[in-house]
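Chemist: Each residue of the sequence shown is one higher than the one before, starting from 76 at the first, in my numbering. All residues carry an ideal CB built from backbone N, CA and C; glycine is no exception.
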Amino acid sequence: MQELIDFAKNSGGAKIISLEVRSDNRRAVALYEKFGFETIG
Numbered sequence: 076m077q078e079l080i081d082f083a084k085n086s087g088g089a090k091i092i093s094l095e096v097r098s099d100n101r102r103a104v105a106l107y108e109k110f111g112f113e114t115i116g
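1. Return the first residue and the last residue of the alpha helix (DSSP H) that ASP81 is part of.
2. Report the CB separation of ALA103 from VAL96 in whole angstroms; it is logged as a contact under 8 Å.
3. What's the gap between the Cα of LEU106 and the Cα of ASN85?
4. Assuming PHE110 contacts MET76 under a Cβ cut-off of 8 Å, what Cβ separation, rounded to an integer in Å, is found between them?
5. Beta-carbon within less than 8 Å of LEU94's beta-carbon, same chain only, minus the 5 sequence neighbours each way: which residues are those?
Spelled out as structure tokens, the structure:
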């Protein structure tokens, strides 16, 4: 996942990377937070 995030940041095309996950899916939320994603909303 980190390689995909780095590619998106370094390719110059992506300013924001977003995703959706159910808030009750705690394992997924924890994983995404480890990669620097933040909860909005």
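Modeler: The relevant details are as follows:
1. Looking at the DSSP string, the run of the alpha helix (DSSP H) that includes ASP81 is 77-85.
2. 5 Å
3. For the pair LEU106 and ASN85, the Cα-to-Cα distance works out to about 22 Å.
4. With a Cβ gap of about 6 Å, PHE110 and MET76 count as contacting.
5. Cβ within range, chain order: TYR107 and PHE112.
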